[in-house]
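Numbering (our numbering), first residue to last: 17 to 481. In what follows, a structure is listed as structure tokens, so that the remarks can point back to it.
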RNA sequence: GGUGCCAUAGCCAAGCGGUAAGGCGAAGGUCUGCAAAACCUUUAUUCCCCGGUCCGAAUCCGGGUGGCACCUCCA
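Structural data, given as structure tokens:
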């Protein structure tokens with residue numbers, strides 16, 4: 017598998033550190049608000065990466081943190097008159113709800129910054145001991161000039177970074193590029209004990225401390241949005257490699273932005289929609305489909321029309337999935353005929369294309385094409401009396417691909433007894449050519465939340481979303 | 001100022017030197033008691049523009065034009 021490494025700016029063959037195992041760390045949300053659909057992009061992408069690696073036989077340890085203490089958390093908690101802890105609890109719960117609706121599985125571990133103070137403090141101590149960090153009035157800063165590789169991820173040298181840096185008044189840094197590892201407590205702020213007095217960690221240090229706590233000092237893949245490349249991930253490298261003297265991460269993966277009107281969606285500019293906003297209008301699986309329709313490194317422009325397009329595309333895939341199930345119900349135990357053998361071949365071909373696309377730096381758009389090509393072949397099969405073996409063969413492959421992408425997950429075959437009865441009755445009515453009754457029943461079934469279609473092999477029913 | 005990315009049909013999008021995947025939408029046809037879904041056909045002689053390299057370029061090189069991002073909290 018090839019993975020584009022942001023650090024080398026090349027696609028590289030993926031070789032895990034330990035055979036058969038993969039460690040992935042992805043930067044998670046700061047839980048001061050509901051997350052927006054731009055935030056959702058990496059969640060979905062890394063969920064797909066993880067699923068794909070798992071189907072390829074790797075044992076994946078996937079770590080995604082929650083930043084549950086920082087300036088925004090404190091400000092927001094004060095505004096609402098609740099504790100930072102209460103704020104975090106609320107939005108962590110919301111995260112899991114929204115993620116679930118997007119088909120994003122919980123990570124192997126979701127560590128919280130506030131629950132890793134010992135690791136964070138120990139890491140800062142190591143940096144101070146090595147002369148890479150210094151204390152200043154209860155704050156601790158990273159001494160950027162003492163780390164020769166600073167800029168290795170973002171590809172900028174210190175002078176260039178320096179020229180763009182901003183110095184805040186009253187800062188206690190030796191150099192404007194130095195960044196805070198520990199911040200001394202200010203009145204009214206939550207704080208933890210440390211060798212430098214009461215305070216709290218800076219943002220960057222938590223990711224270094226927690227990733228290494230769960231994945232080791234060197235691990236395979238680290239992901240996040242492109243905007244995290246600098247300074248967040250650059251700083252993580254400086255902290256981790258500075259402390260350990262070992263390579264921190266083998267593959268850096270960064271996703272492109274989700275834009276609105278071709279401009280970055282971001283909380284600070286206010287041009288965003290939360291996942292919850294969108295859930296009022298669309299099934300979130302359509303949002304997932306939308307995200308998968310483009311390569312993860314490309315920018316992707318958001319609009320309701322595009323979500324609607326994605327929803328229509330998804331419906332076609334659901335149609336194919338349900339058709340496969342319908343064929344299975346009426347299947348016969350006989351050897352595949354010529355057309356069915358062709359379908360089986362097509363299923364293999366599609367799976368091959370799918371895997372080749374995914375192997376090429378997670379090309380979900382291309383992979384989706386393979387699924388659609390299989391769908392078309394499925395629909396070509398006559399409605400009834402198919403070979404069980406052939407249908408099962410195609411179905412297995414179709415489902416395997418859909419599962420990697422995390423789509424076509426809805427249950428649509430759980431008919432209620434009432435609906436089942438209506439379907440039965442309609443079959444009788446049709447036999448008797450009682451079209452009036454037949455149509456009335458179809459309407460009633462629709463009203464009950466199901467869609468009924470007639471096929472040469474009988475009625476086909478599925479639950480609407 | 002420094003550092004990157006992008007430009008393919010009405011819309012979205014793959015494509016990474018060998019002669020334009022796929023989806024949405026649209027038009028016509030087939031099937032159907034009527035529907036719906038599906039199937040078939042059509043919808044880019046051409047990939048922002050201008051040069052160059054090559055037997056061959058959407059793909060490589062140079063130069064434009066237009067858009068976006070990072071350098072500051074941000075997925």
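The C-beta atom is built at its ideal place from N, Cα and C for all residues, glycine as well.
Rounded to whole angstroms, what's the CA-CA distance from residue i to residue j? Just pull it up for me.
i, j, result
"residue 37", "residue 116", "25 Å"
"residue 472", "residue 400", "7 Å"
"residue 475", "residue 388", "24 Å"
"residue 392", "residue 336", "8 Å"
"residue 395", "residue 280", "40 Å"
"residue 123", "residue 80", "6 Å"
"residue 93", "residue 68", "38 Å"
"residue 254", "residue 142", "12 Å"
"residue 62", "residue 323", "20 Å"
"residue 286", "residue 297", "20 Å"
"residue 413", "residue 23", "35 Å"
"residue 20", "residue 250", "17 Å"
"residue 107", "residue 382", "35 Å"
"residue 236", "residue 459", "55 Å"
"residue 357", "residue 228", "50 Å"
"residue 256", "residue 224", "6 Å"
"residue 207", "residue 214", "6 Å"
"residue 217", "residue 60", "28 Å"
"residue 328", "residue 440", "30 Å"
"residue 201", "residue 33", "40 Å"
"residue 226", "residue 267", "18 Å"
"residue 355", "residue 319", "41 Å"
"residue 111", "residue 313", "24 Å"
"residue 427", "residue 167", "49 Å"
"residue 456", "residue 479", "18 Å"
Here's a check: name, in chain order, each residue in its chain whose Cβ is nearer than 8 Å to the Cβ of residue i, leaving out the five neighbours to either side.
i, result
"residue 423", "119, 301, 304, 305, 308, 330, 333"
"residue 464", "432, 434, 435, 438"
"residue 375", "17, 18"
"residue 70", "76"
"residue 147", "159, 162"
Sorted by chain position, which residues of the same chain lie with C-beta nearer than 6 Å to residue i's C-beta, five sequence neighbours on each side aside?
i, result
"residue 315", "272, 273, 275"
"residue 263", "234"
"residue 260", "233"
"residue 299", "481"
"residue 128", "82, 84"
"residue 265", "238"
"residue 114", "291"
"residue 204", "none"
"residue 469", "476"
"residue 27", "18, 20, 377"
"residue 420", "67, 68, 71"
"residue 151", "212"
Quick check on residue i: buried or exposed, where buried means 16 or more other Cβ atoms within 10 Å of its Cβ?
i, result
"residue 109", "exposed"
"residue 444", "exposed"
"residue 484", "Residue coverage of the chain in this structure runs from 17 to 481, which leaves residue 484 outside it and unanswerable."
"residue 25", "exposed"
"residue 165", "exposed"
"residue 171", "exposed"
"residue 57", "buried"
"residue 452", "exposed"
"residue 31", "exposed"
"residue 73", "exposed"
"residue 270", "buried"
"residue 173", "exposed"
"residue 87", "exposed"
"residue 448", "exposed"
"residue 252", "buried"
"residue 462", "exposed"
"residue 371", "buried"
"residue 121", "exposed"
Quick one: residues in its chain with C-beta nearer than 7 Å to the C-beta of residue i, no 5 flanking neighbours on either side, listed in chain order?
i, result
"residue 66", "40, 76, 78"
"residue 373", "379, 382, 383, 386"
"residue 155", "188, 196, 198, 199, 200"
Since residue i and residue j should fall inside the 8 Å C-beta cutoff, what is the C-beta to C-beta distance between them, to a whole number of angstroms?
i, j, result
"residue 189", "residue 157", "5 Å"
"residue 221", "residue 140", "6 Å"
"residue 344", "residue 411", "7 Å"
"residue 193", "residue 177", "6 Å"
"residue 50", "residue 103", "Going by Cβ atoms, the distance from residue 50 to residue 103 rounds to 12 Å, so no, they are not a contact pair."
"residue 288", "residue 97", "About 25 Å separates the two Cβ atoms, so there is no contact after all."
"residue 210", "residue 137", "5 Å"
Practice task
State whether the region 335-353 contacts the region 404-422, with contact taken as three or more CB pairs (one from each stretch) at a distance under 8 Å.
Solution key: Output reads yes: the region 404-422 touches the region 335-353.
Practice task
Evaluate contact between the region 41-48 and the region 238-248, counting only Cβ atoms and requiring at least three cross-stretch pairs below 8 Å.
Solution key: Below 8 Å, enough C-beta pairs join the region 41-48 and the region 238-248 to call them touching: three or more.
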